Ligand code: GAL
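Residue numbers (the working numbering): 36 to 710.
Set out below in structure tokens:
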């Protein structure tokens, strides 16, 4: 349980990171004037301000921050006040060079960027606690304060350190986790390659080794590194709870799977008072709005379904990809409101005023170098008024139709190497299944494999290689109770220590799926296999095949060629009141979509809504009412059927029968509460 109740923000937040220390104070007055013009309600302040707040060890200068917070308060702008602990000052590192993190190769990072932190360093921990305490004492009751923002994006850019302090800390952590050296030897399988330990003192972090490092050791080290960052978050959070009671404490997550894979957000979601997220569009040729929807759904799920807040995204291009396209007209608002549809209590940006200097001067901002005579500024002002028009949706919850089972620890284990192929990527499979569900107009929650799934008629397990026995039992209960489960290959294989479950694979899921897998048979790059299915239909698959041996499962699709020819490729197992499907190969988008259409019928879900591709319809509901968000990512106007008459909030227009959503636009309809 979070130590404090999750405190919803008073209304939808609109604003961004505000770094006024980069500007002379006369600019601040222009900033607040323009913030008012744009309808800004909250800004994040102080994220990188440690060197200004404590210019010399123990010498503090809070005058500028006092003036800034008072100025913002006078102009009605609330503050998410950061602890600056992601950016210790240069003097700190001169005094404590050991606080700079070390790579697995033994290279110590240098000062000159940000986020260079050894989270085990006692000097860092003491200094972070000290500056947090001073901020909490000084501003804990400031009337502008709405939210505490601890640190910045834990896990990025450095998630683990391999220095000697971390080695000592790691030993204490594994001793607490395993109890005895014998238990550790068993869990890590140290009989293999003669790695047996006789004392915890002999154990190091998985530093550079000549061959493959023990995967169970590497997995525990990931857990340790994640837990160590979390310890530091909790320490700052507890200080702020003590000094600033009632003010929620957050740290900004980065749930997009391709952007941060080193943090177990299921565990972090339980520690924050309000889940906040940063999301940036990745330009890799795929549909960026699908990745956005997925990150937003994952963030909401980490928040346990409660409202959350998008703390950073960009008004237009970023500057840290090889190529950084600008956003098209209207895209910024569409992105922002798509997050709101999926539960965000507003939309915030990095950053308010575009920097003139430093590493991010070509990153877009709310107020660009070109000032107010720019398209971005005009769109920002418009978005501010759109968000204000949606204030009544605050506190409502997004409704989901299906679940995707996701476990960061399982993804870590799949990255450890020594597996049948390097071409299997759990994130790729999660993306593929999510995209198929998105394209069939289902709204999705994510769930940990041990979480209760009973409220979902359909649950999909994209690639859960590491699966505890408890998770296997949970999925069995789900199916027996009437759920429809779809499991993708390489799931249910190992336990929490990366040891293969006893007996034939997939040990955690054999009885759920009603089959065993005799052998994995991955394909070489460019090779495909044909699958034969019902009514003479054929599909093509790649990357992975298996010699599946059915037990109670019925074969639906069969491998027609390749080494596994004649074996089942896709199976269906009736178990109790439910059904478990198994997909033993990598299906492309079209075939996966076709499979999910069949499965959807098993789950008793109605046929997909008659909506064009790339038109999203998502509902938020609660005591306040029910809201239908329609987001049109296409270049043509779209028609969305309405079950009941309502009022469109952005145009303040009554709507009946159907809703027209102009090309590239968003519409939000207040429906009657029971609609
Ligand atoms: C975020 C970070 C911000 C800024 C932004 C640029 O990850 O928190 O400080 O660097 O990226 O996109």
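Using N, Cα and C, we set each Cβ at its ideal position, and we do this for glycine too. Computed from a predicted structure; not experimentally measured.
Counting of Cβ neighbours within 10 angstroms places residue 419 among the buried residues, the total reaching 16 or more.
Around residue 292, the same chain offers 462, 465 as residues with beta carbons nearer than 7 Å, after the five sequence neighbours per side are excluded. For residue 355, the shortest separation between its Cβ and any heavy atom of ligand 1 lies below 8 Å.
With respect to the 9 Å criterion, residue 78 and residue 112 are classified as neighbours on the basis of their beta carbons. With contacts defined by Cβ atoms closer than 9 Å, residue 260 and residue 196 form a contacting pair. When the beta-carbon positions are compared, residue 528 and residue 537 stay at least 9 Å from each other. Of the heavy atoms belonging to ligand 1, at least one sits nearer than 8 Å to the Cβ of residue 349.
Apart from the 5 residues on each side of it in sequence, residue 134 sits with its Cβ closer than 6 Å to the Cβ of 153, 156, 158, 159 in its chain, given in chain order. Residue 706 carries a strand assignment under DSSP once its states are collapsed to helix, strand and coil.
Rounded to whole angstroms, the gap between the alpha carbons of residue 277 and residue 363 is 45 Å. Taken in chain order, the complete alpha helix (DSSP H) segments of 4 residues or longer contained in the stretch 95–147 are 98–109, 125–130. Beta-bridge partners assigned by DSSP to residue 159: none are found. Going by DSSP, residue 421 is part of the alpha helix (DSSP H) stretching over 410–424. Spatial neighbours of residue 650 in its own chain (CB-CB distance under 6 Å, excluding positions within 5 residues in sequence) are listed in chain order as 667, 673. As summarised for the stretch 164–203, the continuous beta strand (DSSP E) elements at least 3 residues long and confined to that stretch are 180–185, given in chain order.
The stretch 65–74 makes contact with the stretch 404–424; the number of CB pairs closer than 8 Å reaches 3 or more. Here residue 669 is exposed, its C-beta having fewer than 16 other C-beta atoms within 10 Å. Taking residue 676 as the centre and dropping the five residues before and after it, the same chain places the C-beta of 693 closer than 6 Å to its C-beta, in chain order. The DSSP assignment places 311–313 as complete runs of the beta strand (DSSP E) inside the stretch 241–327, in order along the chain (cut-off: 3 residues).
The alpha carbon of residue 245 has as its nearest neighbour, out of 251, 255, 228, the alpha carbon of 228.
CA-CA distance, residue 64 to residue 103, rounds to 10 Å.
Assignment of residue 668 by DSSP, reduced to helix, strand and coil, places it in the coil class.
Membership of residue 374 in any beta strand (DSSP E) is not indicated; the residue belongs instead to the alpha helix (DSSP H) covering 366–376. Nearest to residue 122 by C-alpha distance, out of 218, 162, 535, is 162. For residue 220, the shortest separation between its Cβ and any heavy atom of ligand 1 does not lie below 8 Å. Separation of residue 436 and residue 631 (C-alpha to C-alpha, rounded to the nearest whole angstrom) is 13 Å. By the Cβ rule, the stretch 545–559 counts as touching the stretch 585–600, because three or more pairs are nearer than 8 Å. Between residue 316 and residue 167, the gap from beta carbon to beta carbon reaches 9 Å or more. Check the Cα spacing between residue 445 and each of 355, 337, 502: the tightest is with 502. For residue 637, the three-state secondary structure derived from DSSP is helix. Take the alpha-carbon of residue 643 and the one of residue 392: they are about 50 Å apart. Relative to ligand 1, residue 289 has its C-beta within less than 8 Å of a heavy atom.
About 5 Å separates the Cβ atoms of residue 426 and residue 47, confirming a contact at the 8 Å cut-off. In the DSSP assignment, residue 355 falls outside any beta strand (DSSP E) and carries neither an H nor an E. Taking non-hydrogen atoms of ligand 1 into account, the C-beta of residue 57 is found less than 8 Å away from none of them.
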